[in-house]
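Take a look at the structure set out below.
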Amino acid sequence: MSKPYVFLTRKLPDDIVNILETECVVSMWEKEETPPPTSRLEEECRKADAVFCNVSDTIDASMLEQAKQLKVIATMAVGYNNIDVKAARNRNIRVAHTPDVLSETTADLTFTLLMATARRIPEGIDVIRNNEWGAWAPFFLTGKDIHHARLGVIGMGRIGELVAKRGIGFDMDIVYHNRSRKPQTEKAIGASYVDMDELLKTSDYICVQTPYTEETHHLINRQAFQKMKNSAIFINTSRGAIVDENALYEALKNGEIQGAGLDVFENEPIRADHPLMSLPGVTALPHIGSASKQTRWKMAEMTANHILQGLRGEKIDHEVQL
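Mapping of the sequence shown onto the working numbering: residues 1237 to 1558, in sequence order.
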């Protein structure tokens, strides 16, 4: 019996590839930072038994319609809005993702963005690199205090809870909004549930940690930014399309909020000439929320094992359920 055929949409370390090669024939796109063109992905989906992908690879219904022998799609990510899961399910194709393993690392990065934006770290780095540092000045590059400020978390899932816990270490007042209240979380970390309007109006720092769905598309829009404090700092490490970027740009340009720390964007990669990149109050990162060596390794290993579980007909540890 021939081995199943697996396509990897990025170049991965040999040790990860070896996990799959014990039971599969593996074909791998040769680049790590550039995705395969759509034509190549379509071609591979037509002949593959499984696909190892990530958030930059769009696998839609038309592509799946041609994938006659595809059994498993495993994405090296928590989010899976790049995959038409309903179309996959209709064709009995199983979809897996990597929740939990990256939660702590993403929470670290979220708080890093919060601190860097509040204390104007990127601007300070530019001052040094551009040889613009003069004499000490009393109010040069003054930022915002983090300690004892109010942190508003939108989406109190696993990552949201971990972000809130980091805020406790800075003696922050934690409020959150979620689809449903989390009494155990409130008790464990001292967070208070508030409605969305109160969170937006009273928080000094607002972190978005909600998943992307049709309901959360542009959840943070013009009206939301207008409710925020002029001194508020907005942080997004969830998904770019949760935020109306045009509204964010206008809010920053008009001084309706003070700053933004962004690791995700509606269209990635964002270009240097994007209007948001012209604003000094924006701290931007290239979608590296989970990018520690340890966590990315665990994610890749988990994704490889999901493929093997699916091809064997076993229970997949983290199968997406509709």
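Glycine included, C-beta positions come from ideal geometry on N, C-alpha and C.
Skipping 5 residues on each side, what residues in its chain have a beta carbon closer than 8 Å to that of residue i?
i, result
"residue 1304", "1282"
"residue 1267", "1246, 1247"
"residue 1349", "1471, 1473, 1497, 1498, 1499, 1519, 1521"
Using 8 Å for Cβ pairs, my map puts residue i next to residue j. What's the rounded Cβ distance?
i, j, result
"residue 1546", "residue 1330", "5 Å"
"residue 1480", "residue 1454", "4 Å"
"residue 1263", "residue 1280", "7 Å"
"residue 1542", "residue 1332", "4 Å"
"residue 1395", "residue 1343", "6 Å"
Among the options, which has the Cα closest to the Cα of residue i?
i, options, result
"residue 1313", "1290, 1319, 1320, 1379", "1290"
"residue 1492", "1462, 1500, 1524, 1502", "1462"
"residue 1526", "1490, 1398, 1390, 1341", "1341"
"residue 1270", "1554, 1504, 1533, 1518", "1504"
"residue 1390", "1439, 1424, 1404", "1439"
"residue 1310", "1538, 1336, 1418", "1538"
"residue 1426", "1442, 1407, 1498", "1407"
"residue 1501", "1495, 1510, 1544", "1510"
"residue 1424", "1322, 1404, 1443, 1367", "1404"
"residue 1376", "1308, 1360, 1443", "1360"
"residue 1249", "1536, 1552, 1380, 1550", "1536"
"residue 1460", "1418, 1444, 1288", "1444"
"residue 1366", "1358, 1372, 1373", "1358"
"residue 1257", "1300, 1552, 1544", "1544"
"residue 1328", "1301, 1345, 1336, 1335", "1301"
"residue 1265", "1417, 1287, 1255", "1287"
Go ahead and label residue i buried or exposed: buried means 16 or more other beta carbons lie within 10 angstroms of its beta carbon, across all protein chains shown.
i, result
"residue 1370", "exposed"
"residue 1347", "buried"
"residue 1338", "buried"
"residue 1522", "exposed"
"residue 1507", "exposed"
"residue 1274", "exposed"
"residue 1494", "buried"
"residue 1558", "exposed"
"residue 1549", "exposed"
"residue 1252", "buried"
"residue 1372", "exposed"
Leaving out five residues on either side along the sequence, give the residues of the same chain with a beta carbon under 7 Å from the beta carbon of residue i.
i, result
"residue 1452", "1446, 1478"
"residue 1293", "1245, 1271, 1277, 1318"
"residue 1284", "1241, 1242, 1243, 1306"
"residue 1556", "1316, 1321, 1331, 1332, 1333"
Using a Cβ-Cβ cut-off of 6 Å (strictly less than) and excluding sequence neighbours within five positions of residue i, which residues of its own chain qualify?
i, result
"residue 1239", "1260, 1261"
"residue 1397", "1421"
"residue 1476", "1500, 1501, 1502"
Q | Segment contact, 8 Å Cβ cut-off, at least three pairs: the stretch 1480-1491 with the stretch 1368-1388 | A | Taking 8 Å as the limit for Cβ pairs, the verdict is that the stretch 1368-1388 does not touch the stretch 1480-1491.
**Q.** contact_flag[the stretch 1348-1361, the stretch 1467-1479] where n(CB pairs < 8 Å) is 3 or more
**A.** With a cut-off of 8 Å, the stretch 1467-1479 and the stretch 1348-1361 count as touching, because enough Cβ pairs lie within range.
Q. Taking contact to mean at least 3 C-beta pairs separated by less than 8 Å, is the stretch 1431-1450 in contact with the stretch 1401-1418?
A. Cβ pair count under 8 Å is three or more, so yes.
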